[in-house]
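Residue numbers for the sequence shown follow the numbering used here, so the first one is 107 and each next one is one higher.
All C-beta atoms in this analysis are idealised placements derived from N, C-alpha and C, irrespective of residue type, glycine included.
Reading through the structure tokens given below for one structure.
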Amino acid sequence: MGYLLFFLGALWNTLGAMAVCGLCVTLFRNVFVSLMGGKIGRGIVMGTSVLGTPIHELGHALMCLLFGHRITAMKLWQPSSPDGRLGYVTHTYRPKNLYHILGNLFIGLGPIFSGLGVLTLAFWLGFPDTFSAYMRTASDMATRGDGFFSIFAEGLRILPRMLEELVHGDEIPLWGRILALVVILAVAQHVSLSLEDIKSSLTAIPLYLAGLLLLTLVCGIIGAGAMDAVSGALAGFAAYVTVLFVIVLVSSLLQLLVALPVWGIRMLFGRR
């Protein structure tokens, strides 16, 4: 039982939280489109793709470079694509190279990393007081070993703090705060995992699971102390990563807050 718990904990702490984050963002975007009305919602997604899609595709491209894949074609934004794809990165790799195979997993997750970086930067530049207060408190929570839901609950406080800073803040000019908010809303819609992203990652899953299984066996052979030490290290890593990923989730929730009044008006006047 101890081996199984260690394996599942390592899987969640290294991959599970990131995958759930990307899938949640995809869900939030679909709900946003529905609340806004299909045609209007899809139009807004198309508009935000001017910024969001290049960041999404650059995430794929960066991971291709890090894992030695050869980029054969890349389109950062193509609004009039016949197949509906707003952008793409195609790449090749040596199928017998384990490092290249493992890279498929991180290439698929690439948009989460690039989107996370841009959103964090936008929050820091546009809403420094809100960002500093959250990072200070959430980092302390991560150090104490608080779980995902506790850190996420703290992250929800970002929304009222950010709106207050938007109206009353004086450290950053108003145009700077508005620009940061636009960037946050636009990028948040595209920090998602598409079906193609998921498919491209599947070839690496067996290798990744085998690596975690090997880690579990090695730690088990060394002893319970090794398992506890590695579990603690991975849990600490996951907690600090969660601190940043919550920014992505809160950014996605922010767009739903924008859509809810529109949905209410649509329901009131019967426009479905």
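> What do you get for Asp276, buried or exposed, if any count of 16 or more other CB atoms within 10 angstroms of its CB means buried?
Replying inline: Asp276 comes out exposed.
> Does the Cβ-Cβ distance between Thr348 and Ile290 come in under 8 Å?
Replying inline: no
> Grouping DSSP H, G and I as helix and E and B as strand, with all else coil, what is Thr159?
Replying inline: Of the three classes helix, strand and coil, the one that applies to Thr159 here is helix, per DSSP.
>> Quick check on Asp303: buried or exposed, where buried means 16 or more other Cβ atoms within 10 Å of its Cβ?
In response: buried
>> Using 8 Å for Cβ pairs, my map puts Val137 next to Gln295. What's the rounded Cβ distance?
In response: Rounded, the Cβ-Cβ distance is 11 Å, inconsistent with contact.
> Between which two residues does the alpha helix (DSSP H) carrying Val297 extend?
Replying inline: Segment: none, Val297 is in no alpha helix (DSSP H) and carries neither H nor E.
>> Please identify the residue among Phe112, Leu318, Val131, Leu141 whose C-alpha is closest to the C-alpha of Ala365.
In response: Leu141
> Using DSSP with H/G/I as helix, E/B as strand and the rest coil, what is His197?
Replying inline: The three-state secondary structure of His197, taken from DSSP, is strand.
> Does the distance from the CB of Val288 to the CB of Gly158 come in under 8 Å?
Replying inline: No, Cβ-Cβ distance for Val288 and Gly158 is not below 8 Å.
>> Assuming Gly221 and Val324 are in contact, meaning their beta carbons sit under 8 Å apart, how far apart are those beta carbons, in whole angstroms?
In response: That pair is no contact at about 34 Å.
>> Quick check: the stretch 268-284 against the stretch 211-221, are at least 3 beta-carbon pairs closer than 8 Å?
In response: no
> What do you get for Val352, buried or exposed, if any count of 16 or more other CB atoms within 10 angstroms of its CB means buried?
Replying inline: buried
> With distances taken between CB atoms, is the gap from Cys130 to Ser358 smaller than 8 Å?
Replying inline: yes
> How should Ala330 be labelled, buried or exposed, when 16 other C-beta atoms within 10 angstroms of its C-beta is the threshold for buried?
Replying inline: The residue in question, Ala330, is exposed, as its Cβ has fewer than 16 Cβ neighbours within 10 Å.
> For the ligand SAH, is there a heavy atom less than 7 Å away from the beta-carbon of Met247?
Replying inline: The ligand content of the structure shown is nil, which means the ligand SAH is not present either.
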